[in-house]
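Chemist: A single structure is presented below for examination.
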Amino acid sequence: MTRVLVVDDDPQLARALRINLRARHHDVHVATSGAEALKTVAAVSPDLVILDLGLPDLDGVDVIHGVRGWSDVPIIVLSGRGGGPDKVAALDAGADDYVTKPFGMDELLARIRAVTRRAPSGDAIAPRVEFGDVTVDLADKVVLRARQAGQSETVHLTPTEWSLLEALVRQPGKLMSQRQLLIEVWGPTYLNQQANLRLYMTQLRRKLETEPTRPRHFLTEPGMGYRFRP
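Each residue of the sequence shown is one higher than the one before, starting from 41 at the first, in my numbering.
Here it is as structure tokens:
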């Protein structure tokens with residue numbers, strides 16, 4: 041069974057897609073905004089995303105950039121924007137296909153079959169990330185810290201701390217801008233909450249760094265964002 045995330049704020053179209061896809065034995069999830077889409081991709085790890093560009097909070101191209109920051113899930117854009125520049129922008133951002141509304145359901149289903157054939161299996165287990173004396177299990181959402189005598193203890197994180205940690209460790213060595221992290225973890229209404237981001241970074245360092253005031257793994261790039269270094 042293929043897990044499909046439909047991202048569209050048109051309730052009639054979302055309902056039609058849900059009915060048609062479920063009739064063909066797909067497990068369907070629906071998001072009606074860009075922020076909800078990013079959180080759902082992280083939560084359910086879909087095998088395919090069907091994405092409208094005209095969302096109420098974020099442009100669909102920004103959603104593609106956000107997803108591509110840490111996931112290679114196939115993305116089919118389903119949009120009323122038929123112009124060449126919109127199509128080029130979506131494909132350059134990382135979309136795998138682009139379907140213009142109105143569309144035929146048979147055509148969409150054929151395109152779904154095509155991109156899912158090309159994609160790697162969605163059943164792969166998420167990796168473990170290790171740094172210092174810490175192990176992050178992305179599949180089970182567990183963080184362990186080694187102690188003496190070969191013992192480990194679980195590090196308890198809040199849901200927000202986990203979301204921030206996951207966004208960073210999935211992109212080792214890559215600069216994650218403040219804007220990208222705020223959108224992925226909190227949503228687009230928090231773009232001016234850099235103080236919130238700094239607070240949670242301080243909490244992550246306190247829990248996961250050997251010397252929180254001299255971090256080796258969660259680095260600040262002044263004026264730009266943060267970088268995870270294993």
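The beta-carbon is built from N, C-alpha and C at its ideal position, and this holds for glycine as well.
(1) Pairing CB atoms from the segment 174-183 with CB atoms from the segment 193-204, are three or more of them under 8 angstroms?
(2) Please determine, among Asp67, Ile115, Asn60, Ala54, the residue with the shortest C-alpha to C-alpha distance to Ala133.
(3) Are Val44 and Asp92 closer than 8 angstroms when you measure CB to CB?
(4) Roughly how many angstroms lie between the CA atoms of Leu131 and Gly122, to the nearest whole one?
(5) If I follow the unbroken alpha helix (DSSP H) through Tyr240, where does it start and stop?
(6) Pull up the CB-CB distance for Ser217 and Gly265, whole angstroms please, since I reckon it's below 8 angstroms.
(7) Determine whether the beta carbon atoms of Gly227 and Ala82 lie at a separation below 8 angstroms.
(8) For Pro212, which residues of its own chain have a beta-carbon under 8 angstroms away from its beta-carbon, when the five flanking residues on both sides are left out?
(9) Could you tell me whether the segment 223-238 touches the segment 249-258, using the rule of 3 or more Cβ pairs below 8 angstroms?
(10) What are the boundary residues of the beta strand (DSSP E) that Val89 is part of?
(11) Just to confirm the assignment: which complete beta strand (DSSP E) runs, minimum length 3, are found wholly within the segment 149-198?
(12) Using only alpha-carbon positions, find the residue among Asn232, Gln234, Leu244, Leu215 that is nearest to Ser203.
(13) What's the gap between the Cα of Arg64 and the Cα of Val174?
(14) Mind checking which residues open and close the alpha helix (DSSP H) that includes His105?
(15) Short of 6 angstroms in beta carbon distance, which residues of its chain neighbour Thr140, apart from the five on each side in sequence? Order them along the chain.
(16) What does a CB cutoff of less than 8 angstroms around Thr200 pick up in its chain, not counting 5 residues either side in sequence?
(17) Using a Cβ-Cβ cut-off of 6 angstroms (strictly less than) and excluding sequence neighbours within five positions of Arg62, which residues of its own chain qualify?
(18) Tell me the rounded alpha-carbon separation between Gly124 and Ile59.
Modeler: Checking against the coordinates, here is how it stands:
(1) Short answer: they touch.
(2) Measuring C-alpha to C-alpha distances from Ala133 to each of Asp67, Ile115, Asn60, Ala54 identifies Ile115 as the nearest.
(3) No, these two residues do not count as a Cβ contact at 8 angstroms.
(4) Annotation: Leu131 to Gly122 spans about 13 angstroms, alpha carbon to alpha carbon.
(5) Residue range 234-248 is occupied by the alpha helix (DSSP H) that includes Tyr240.
(6) Right, the Cβ-Cβ distance comes to about 4 angstroms (below 8 angstroms), so this counts as a contact.
(7) Contact: no.
(8) Residues Val169, Phe268, Arg269, Pro270 of the same chain have their beta carbon placed closer than 8 angstroms to that of Pro212, with the five preceding and five following residues left out of the count.
(9) Segments in contact, no.
(10) If you look at Val89, you'll find it in the beta strand (DSSP E) that goes 88-91.
(11) Entirely contained in the segment 149-198, the beta strand (DSSP E) runs reaching 3 residues are, in chain order, 168-171, 174-177, 182-186, 192-194.
(12) The residue with the shortest Cα to Cα distance from Ser203 is Leu244.
(13) Between Arg64 and Val174, the C-alpha separation is close to 43 angstroms.
(14) From DSSP, the alpha helix (DSSP H) with His105 extends over 100-108.
(15) For Thr140, same chain residues with a beta-carbon under 6 angstroms away, outside a window of 5 residues either side, are Gly122 in chain order.
(16) Here the set comprises Val225, Trp226, Tyr240.
(17) Hits under 6 angstroms: Val68.
(18) Gly124 and Ile59: Cα-Cα distance of roughly 30 angstroms.
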